[in-house]
Amino acid sequence: MTNVAFIITKSEIGGAQTWVNEIAKLIEKDCKVFLITSEYGWLTQCSVFSEVYIIPGI
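Every number in the numbering used here is 9 more than the matching position in the sequence shown, counting from 1.
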């Protein structure tokens with residue numbers, strides 16, 4: 010299975026975050042999808058990600 014990581018600085022609702030969520034939904038059956046972000050928020054609560062990593066300050 011292919012691993013795909015999305016790195017996004019903020020997980021609040023917005024254009025980039027919505028795009029990440031939609032793309033993750035499209036590929037989740039074929040890939041392990043990881044989210045790397047700087048803070049907890051709307052995007053980290055989405056169940057589409059295999060794992061979520063919080064790295065403050067990115």
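C-beta atoms are modelled at their ideal positions from N, C-alpha and C, and glycine is treated no differently.
Under 8 Å between C-beta atoms of residue i and residue j
i	j	result
F15	L35	no
T11	C40	yes
Length of the line joining the Cα atoms of residue i and residue j
i	j	result
E21	V57	16 Å
A25	V42	16 Å
A33	I67	21 Å
T53	K38	19 Å
Exposure label - residue i; buried when at least 16 CB within 10 Å
i	result
T46	buried
Extent of the continuous beta strand (DSSP E) run through residue i
i	result
I22	Run containing I22: none; DSSP gives neither H nor E here.
C40	C40 to T46
V61	E60 to I63
Neighbourhood of residue i by C-beta distance below 8 Å, restricted to the same chain and skipping five residues each side
i	result
I64	I45, T46 and S47
W51	S20, E21, I22 and Q26
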